[in-house]
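J.:
Chains as they are written, first to last, in the numbering used here: chain G, 1 to 386; chain U, 1 to 292.
Next up, the structure:
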């Protein structure tokens, strides 16, 4: 039998070896920060994006990683709150020493993080936010793969005749995303001779929109544009039905998860149209069908909800672009990755990804031009119109 | 002014006002009788909603029976909070219990996060989604049901407080704790029952609104803020005040959003509170309080 002292020594040695081993592993991988709303008003969407990011990282690691090292995602919850989003960015940069980040879902969340990027000179890939402001601030650490709402509006303009809109009202979430969408879509509609009526606002945590919808019900418009994430949109559509409000409904922003809407709001979704950036209902028509089909298969293999695909593809594309940039940079360091991002030509699930300069000269942000689709709910199924 | 729109706004006010009143009564009762600022009120509201989700969706029981279970669950949780946290601290100053309740609020909310995840749950109801249309007004059947039950619960609470022996003991405790104790009122039991009753009302509001909205772990925050707004409007500890306060808050939110600006909808109630606190700090319906 071993003496107590010996057992202790072996224990200490073992612990030391483990600690050293862990240290070696940490130096052997590349950390990527992911700043997402996993709780609060945007929990569903943020969780889907994070899950998509995990799938991308797992695939890359299975292929041997990047620069011979494994990718390690450090996923932090920004609680759907801009103050928390900035704090999370600071924590990821200072404590986890990540050389690059993915985030932060919402426009107001991303805008809150942006000063931190300037302060610490760390690039961030913006995967969801659509406020046009983001790439116009003169922040050279911002690279966006999602569509700004101005681009969404332009894409809708191309097929505007189909909808036969005479006068439109808006119901938008009260943040940079919603207010920005209302501005960009109104400008586009006015340019095409469509009258813009009411612009109604709802707080991001509001659950009862009856007052706004009652006001809209009294207007003489034929179309209602709604900008909100899936949870709130579910409630809006149910309340539209309850109030007997008859309008052509078009939602914007790409965070509607139409299948989830159909599951939770049922008949209230019939006939509604949703602008999304990935159309999992027809992967064969996407820019790279094999990639889309592989991602959809990987998603369902993990047992995730298929309704999340219109959101989760963002995390997947985001991590793939970041990995390509690290590979190109040759080192996992912020400035090298920032420079490499400008050279990236990647095959994204919603089309080719390459960054164009946007914003004030000399301090440009990167903006890729993604595809947009319009899905219409017909007999409880999504049909892709465009 | 568009009359149809106004009528729809008034109908919405009535429907929301019922549940707001329910929320306010639960909170004001606890403060009035126990002098405890109950920060867990919003969490009991969320607990009621998750309770309904658990019993009706996970266990698959009848919707109406599930509501009863959710309310009973809220009362049990309320009684537990009183027994475990408040009873040992009775007689402590108001700041101590306030901190204690803030702690309980955070623990309860995070437990909900852990237990249910952060993604919203939706509870199906047995009501048709086609609304009831009366002239220019459309109302969903579910909301009419919610309003009816809320009014029933409010009347039952009034009856309990004003017409029963237990209510008599509660009112005696409210007026003067020491004298009530000397007259043979079991103060400890009254406290536990008051907290359970107030919690049950919060859980009822949550169970009623859960199917109308969606259920999330943070749903209690806004409900809690509104409950405090209602209680301040009506005067702390004043049940009639809380009932009327609930309807006033619903009215101000609805009309404010309809005719002033929807961006400030949830701020309207708080604007009113600032005005009330400036000009009538004891609440609109405050009566003269007897200091025992």
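Idealized CB from N, CA, C, for every residue including glycine. On a predicted model such as this, the values are computed, not experimentally measured, just so you know.
#1: Does the beta carbon of residue 51 (chain G) sit closer than 9 Å to a beta carbon anywhere in chain U?
#2: Rounded to whole angstroms, what is the Cα-Cα separation between residue 183 (chain U) and residue 80 (chain U)?
#3: Using a Cβ-Cβ cutoff of less than 7 Å, which residues in the same chain neighbour residue 192 (chain G) once the five nearest sequence positions on both sides are dropped?
#4: With 9 Å as the C-beta to C-beta threshold (strictly closer), list the residues of the region 201-234 of chain U near chain G in chain order.
#5: Once DSSP output is grouped into helix, strand and coil, what is the label at residue 368 (chain G)?
#6: Would you identify the three-state DSSP class for residue 200 (chain G), choosing helix, strand or coil?
#7: Alpha carbons only, please: which of U:214, U:285, U:213 and U:219 is nearest the one belonging to residue 248 (chain U)?
#8: Applying the 10 Å Cβ sphere with the 16-neighbour rule, what's the burial state of residue 257 (chain U)?
#9: With residue 75 (chain U) as the anchor, note down where its alpha helix (DSSP H) starts and where it stops.
#10: Check whether the Cβ of residue 9 (chain U) lies closer than 9 Å to any Cβ atom in chain G.
#11: Please list, in chain order, all residues of the same chain as residue 91 (chain G) whose beta carbon is under 7 Å from its beta carbon, the five residues on each side excluded.
#12: How about residue 201 (chain G): is its C-beta nearer than 9 Å to some C-beta of chain U?
#13: At which residues does the alpha helix (DSSP H) containing residue 290 (chain G) begin and terminate?
#14: By Cβ distance below 8 Å, which residues in the same chain neighbour residue 23 (chain G) in space, the five residues on each side in sequence not counted?
#15: Any idea what DSSP makes of residue 37 (chain U), helix, strand or coil?
#16: With a threshold of 9 Å between beta carbons, is residue 135 (chain G) in contact with chain U?
#17: In three-state terms, what does DSSP make of residue 5 (chain U)?
#18: Would you please verify whether the beta carbon of residue 174 (chain G) is less than 9 Å from any beta carbon of chain U?
#19: So does the region 247-259 of chain G actually touch the region 28-37 of chain G, counting three or more Cβ pairs closer than 8 Å?
#20: Using a C-beta to C-beta distance shorter than 9 Å, which residues of chain G count as neighbours of residue 113 (chain U)?
#21: Would residue 236 (chain G) be called buried (16 or more neighbouring beta carbons within 10 Å of its own) or exposed?
#22: Do you know how far the Cα of residue 31 (chain G) is from the Cα of residue 97 (chain G)?
#23: With a CB to CB cut of under 7 Å and the five nearest residues on each side skipped, what residues in its chain are close to residue 25 (chain G)?
#24: Can you grab the Cα-Cα spacing for the pair residue 35 (chain U) / residue 87 (chain U), in whole Å?
#25: Residue 247 (chain G) lies in the beta strand (DSSP E); which residues open and close that run?
#26: Thinking just about the alpha-carbon of each residue, which of U:13, U:83 and U:131 is nearest to the one in residue 267 (chain G)?
#27: Given this structure, state the Cα-to-Cα distance separating residue 67 (chain G) from residue 57 (chain G), to the nearest angstrom.
#28: Do we get a CB-CB distance below 9 Å when we pair residue 292 (chain U) with the residues of chain G?
#29: Using a Cβ-Cβ cutoff of less than 7 Å, which residues in the same chain neighbour residue 272 (chain U) once the five nearest sequence positions on both sides are dropped?
#30: Just verifying my parser: in three-state terms, what is the DSSP assignment at residue 205 (chain G)?
#31: DSSP three-state call for residue 379 (chain G): helix, strand or coil?
#32: Does residue 126 (chain U) get closer than 9 Å to chain G when you measure Cβ to Cβ?
#33: Do residue 147 (chain G) and residue 321 (chain G) have their beta-carbon atoms positioned less than 9 Å apart in this structure?
#34: Taking the beta strand (DSSP E) that residue 275 (chain G) belongs to, which residues open and close that run?
#35: Can we say the region 55-64 of chain U touches the region 219-226 of chain U, given the rule of at least three CB pairs closer than 8 Å?
#36: Could you confirm whether any beta carbon from chain G is found closer than 9 Å to the beta carbon of residue 259 (chain U)?
T.: Well, looking at it:
#1: no
#2: 27 Å
#3: 157 and 160
#4: 209, 212, 213, 214, 216, 217, 218, 219, 221 and 222
#5: coil
#6: strand
#7: U:285
#8: buried
#9: 63-81
#10: yes
#11: 76
#12: yes
#13: 289-301
#14: Only weak support exists for where residue 23 (chain G) lies, its pLDDT of 41 falling under 50; the coordinates are left without a value.
#15: coil
#16: no
#17: helix
#18: yes
#19: no
#20: 39
#21: buried
#22: 8 Å
#23: With a pLDDT of only 44 at residue 25 (chain G), under 50, the local geometry of the prediction cannot be trusted, and no value is derived from it.
#24: 13 Å
#25: No beta strand (DSSP E) holds residue 247 (chain G); DSSP gives it neither H nor E.
#26: U:131
#27: 14 Å
#28: Note that residue 292 (chain U) scores 39 on pLDDT, short of 50, meaning its location in the model is unreliable; the coordinates nonetheless yield the value given after this. No - not a single Cβ of chain G is within 9 Å of the one on residue 292 (chain U).
#29: 233 and 252
#30: coil
#31: coil
#32: no
#33: no
#34: 273-276
#35: no
#36: yes
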